[in-house]
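Here the structure comes first, spelled out in structure tokens, and everything after it is commentary.
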Amino acid sequence: MIDAFSRLPGVGRRSAERLAFHLLKADPEEALGLARAIEDLKKLVRHCRICFNLADDELCSICRDPRRDRSSVLVVEQPKDLLAIEETGSYTGLYHVLMGRLSPLEGVGPEDLTIEALIERVRSAPEGELCEVILGLNPTLEGDGTGLYLGERLRGEDVRVTRLARGLPTGGQLELANRAVLAEAIAGRRSLDDGF
Ligand SMILES: [Zn+2]
232 MIDAFSRLPG VGRRSAERLA FHLLKADPEE ALGLARAIED LKKLVRHCRI CFNLADDELC
292 SICRDPRRDR SSVLVVEQPK DLLAIEETGS YTGLYHVLMG RLSPLEGVGP EDLTIEALIE
352 RVRSAPEGEL CEVILGLNPT LEGDGTGLYL GERLRGEDVR VTRLARGLPT GGQLELANRA
412 VLAEAIAGRR SLDDGF
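Structure (structure tokens):
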């Protein structure tokens with residue numbers, strides 16, 4: 232158990248020992264609940280068929296939710312970025328998770344991401360439903376490069392393309408930005424036509 236815990240990110244040997252001894256003393260319900268949660272995670276969690284967010288069914292809870300605003304799709308790199316934006320509570324539209332960002336140096340090209348699915352999604356949206364694609368990539372060199380590429384690919388499609396405002400520190404990560412900054416970046420988003 233200690234070995235298994237210490238292989239987890241951010242868990243040192245001492246913490247692993249503490250966790251193992253905690254479980255040893257814990258009542259069976261708590262310990263087995265954790266075991267079941269891990270089993271569910273590996274057996275049930277998959278990617279949403281529409282937006283590639285984590286899901287426990289064919290569609291994720293956001294795509295399934297009839298109260299979500301279907302006129303905008305916010306594009307993020309990873310499910311954890313989506314989570315950070317959800318926590319601000321200031322975005323009510325839909326998402327699209329790219330599952331990474333373009334990185335020529337690491338050999339990550341457009342075909343390794345869910346870009347084709349996004350383009351297809353924009354093209355096949357019911358007439359007049361989807362009005363805006365918001366690029367919510369991390370403010371890094373690679374995030375910017377990915378945003379520019381997406382802007383090009385979406386040029387000529389019948390949607391407005393915007394990106395989050397530059398309140399986010401360059402080189403920073405969306406998932407670590409504080410809620411107020413992130414909410415401001417969503418509210419102050421700008422059209423891609425004004426330059427990236
Ligand atoms: Zn979804």
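End of the sequence shown sits at 427 in my numbering; the numbers just go up one at a time, nothing left out.
Idealized CB from N, CA, C, for every residue including glycine.
**Request:** Can you grab the Cα-Cα spacing for the pair V328 / L313, in whole Å?
**Result:** The residue given as residue 328 occupies position 97 in the sequence shown. The residue given as residue 313 occupies position 82 in the sequence shown. Straight-line Cα distance between these residues: approximately 8 Å.
**Message:** Given this structure, state the Cα-to-Cα distance separating E358 from L413, to the nearest angstrom.
**Reply:** The residue you call residue 358 lines up with position 127 of the sequence shown. The residue you call residue 413 lines up with position 182 of the sequence shown. One C-alpha to the other measures close to 31 Å.
**Item:** DSSP state of A286 mapped onto helix, strand, coil
**Value:** For the purposes of this step, residue 286 is taken as residue 55 along the sequence shown, with counting starting at 1. Strand.
**Cβ-based burial, R277 [other Cβ within 10 Å; buried from 16]** = By 1-based counting over the sequence shown, the position of residue 277 is 46. R277 is exposed by the Cβ-count criterion.
**Item:** Beta bridge counterpart(s) of E363 as assigned by DSSP
**Value:** As a working mapping, residue 363 is identified with position 132 in the sequence shown. Partner(s): S303 and R391.
**Asked** Hey, R301 and L381 are a contact pair by Cβ (cut 8 Å); roughly how many whole angstroms apart?
**Response** For the purposes of this step, residue 301 is taken as residue 70 along the sequence shown, with counting starting at 1. For the purposes of this step, residue 381 is taken as residue 150 along the sequence shown, with counting starting at 1. No, R301 and L381 are not in contact; Cβ-Cβ is about 20 Å, not under 8 Å.
**Message:** Classify N369: buried if its beta carbon has 16 or more other beta carbons within 10 angstroms, exposed otherwise.
**Reply:** Against the sequence shown, residue 369 aligns to sequence position 138. By the 10 Å Cβ count, N369 comes out buried.
**Prompt:** First and last residue of the beta strand (DSSP E) that includes G324?
**Reply:** To locate residue 324, count along the sequence shown from 1; it is residue 93. Residues G324 to V328.
**Request:** Quick one: measure Cβ to Cβ for Y326 and V307, integer angstroms, because I've assumed they're closer than 8 Å.
**Result:** The residue you call residue 326 lines up with position 95 of the sequence shown. The residue you call residue 307 lines up with position 76 of the sequence shown. Between V307 and Y326 the Cβ distance is about 6 Å, and since that is below 8 Å, they are a contact.
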